[in-house]
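Chains as they are written, first to last, in my numbering: chain A, 34 to 147; chain B, 34 to 147.
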DNA sequence: TGTTAATTTCGCTATTAGACGAAATGACAA
DNA sequence: TTGTCATTTCGTCTAATAGCGAAATTAACA
């Protein structure tokens with residue numbers, strides 16, 4: 034029950050749902066997600082830790098970046114069903130479509146002054 | 034998106050999940066649900082209005098009582114999938130099993146001094 | 001019509017959650 | 001090793017939410 038409630042709480046925030054949908058397109062680092070959501074890095078990091086806590090996403094070190102990706106190996110039935118339904122449900126959402134466009138053009142190299 | 038977030042918010046409270054599971058067994062009035070949850074009637078009523086708002090449940094007048102039941106006619110894919118998954122997921126939860134026993138023995142006639 | 005009983009709404013309090021900026025951490029590069 | 005940059009953690013503020021009791025509402029019935 035506790036786990037289930039954590040899953041639903043994780044899903045009950047707009048920015049966290051947006052992050053999950055973005056990650057269906059490709060792996061992203063914190064600063065890329067921040068650029069798309071338009072909120073501070075610390076807040077993004079908090080959201081990511083909540084999503085990671087319920088095993089919706091995985092993190093993976095890549096130099097000084099941390100890449101986040103969907104956890105596609107979960108055995109949790111709720112997690113899996115929801116990740117099947119979400120894209121279907123939000124296909125036509127204007128905000129999500131706009132996020133998808135940004136995901137395609139977001140460039141870590143421009144964001145971070147390398 | 035707004036609707037989806039409302040659905041997940043509705044599901045992110047323990048007592049509301051308990052109510053949904055109880056209603057898989059039979060229709061219940063507010064005072065019966067109150068007796069099982071052990072919280073005040075006004076709080077139960079609030080939870081029910083939240084569940085009704087996202088169309089998880091229906092209300093139906095029956096004399097001076099209001100019977101609440103699951104809405105099995107929803108076309109919302111998230112709602113339907115979740116109601117399929119919930120019982121499966123919480124089958125073995127001790128609290129839910131205890132609620133189920135109480136649902137079987139709860140008696141409106143004893144609760145309300147008729 | 002007036003009373004009683006079930007339910008809902010209202011006002012309040014305590015806790016939780018999201019947001020921010022600043023400070024701390026960790027990893028690469030000079 | 002020292003500096004830089006991405007990320008995380010911490011402290012604080014504000015908004016939202018679950019809980020309660022009391023008042024309002026609604027429906028049956030005397």
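We put the beta carbon where it would ideally sit given N, CA and C, even for glycine. A quick note: this is a predicted structure, and the numbers were derived from the prediction, not measured.
Could you list which residues in chain B have their beta carbon closer than 7 Å to that of residue i, in chain order?
{"i": "residue 95 of chain A", "result": "Going along chain B, no residue has its Cβ under 7 Å from residue 95 of chain A, so there is no contact; the nearest lies around 30 Å."}
Using a C-beta cutoff of 8 Å, does residue i count as contacting chain A?
{"i": "residue 89 of chain B", "result": "no"}
{"i": "residue 147 of chain B", "result": "The predicted model places residue 147 of chain B with a pLDDT of 42, which falls under 50 and marks its position as unreliable; any figure quoted below should be read in that light. It does not; no Cβ of chain A falls within 8 Å."}
Nearest chain B C-beta to residue i closer than 8 Å, yes or no?
{"i": "residue 136 of chain A", "result": "no"}
{"i": "residue 110 of chain A", "result": "yes"}
{"i": "residue 126 of chain A", "result": "yes"}
{"i": "residue 45 of chain A", "result": "yes"}
{"i": "residue 41 of chain A", "result": "yes"}
State the DSSP-derived secondary structure class of residue i, mapped to helix, strand or coil.
{"i": "residue 147 of chain A", "result": "Because residue 147 of chain A sits at a pLDDT of 41, beneath the cut-off of 50, its placement in the model cannot be relied upon, and the following sentence gives the value as read from the coordinates. Three-state result, residue 147 of chain A: coil."}
{"i": "residue 72 of chain B", "result": "coil"}
{"i": "residue 88 of chain A", "result": "coil"}
{"i": "residue 78 of chain B", "result": "helix"}
{"i": "residue 95 of chain B", "result": "strand"}
{"i": "residue 102 of chain A", "result": "strand"}
{"i": "residue 62 of chain B", "result": "strand"}
{"i": "residue 108 of chain A", "result": "coil"}
{"i": "residue 34 of chain B", "result": "coil"}
{"i": "residue 139 of chain A", "result": "coil"}
{"i": "residue 126 of chain B", "result": "coil"}
{"i": "residue 132 of chain A", "result": "helix"}
Restricting to Cα atoms, I'd like to know which of the options is closest to residue i.
{"i": "residue 82 of chain B", "options": "B/68, B/71, B/99 and B/139", "result": "B/99"}
{"i": "residue 140 of chain B", "options": "B/68, B/120 and B/84", "result": "B/68"}
{"i": "residue 62 of chain B", "options": "B/103, B/39, B/41 and B/119", "result": "B/103"}
{"i": "residue 46 of chain B", "options": "A/49, A/46 and A/34", "result": "A/34"}
{"i": "residue 77 of chain B", "options": "B/93, B/92, B/95 and B/49", "result": "B/49"}
{"i": "residue 133 of chain A", "options": "A/105, A/75 and A/70", "result": "A/70"}
{"i": "residue 95 of chain B", "options": "B/131, B/60 and B/109", "result": "B/60"}
{"i": "residue 119 of chain A", "options": "B/126, B/109 and B/128", "result": "B/109"}
{"i": "residue 97 of chain B", "options": "B/36, B/64, B/135 and B/58", "result": "B/64"}
{"i": "residue 101 of chain A", "options": "A/57, A/107 and A/36", "result": "A/57"}
Strictly below 9 Å CB to CB, what residues from chain A border residue i?
{"i": "residue 114 of chain B", "result": "114, 115, 117 and 118"}
{"i": "residue 38 of chain B", "result": "44, 45, 46, 47 and 50"}
{"i": "residue 133 of chain B", "result": "Result: empty, since nearest Cβ-Cβ is about 14 Å, beyond 9 Å."}
At a CB-CB cut-off below 9 Å, which residues of chain B make contact with residue i?
{"i": "residue 121 of chain A", "result": "110"}
Taking C-beta pairs closer than 8 Å, name the residues in chain B that residue i reaches, listed in chain order.
{"i": "residue 34 of chain A", "result": "47, 50, 123, 126, 128 and 129"}
Are three or more beta carbon pairs between the region 47-54 of chain A and the region 109-121 of chain A nearer than 8 Å? yes
Touching or not, the region 83-92 of chain B and the region 40-47 of chain B, by the rule of three or more beta carbon pairs under 8 Å? yes
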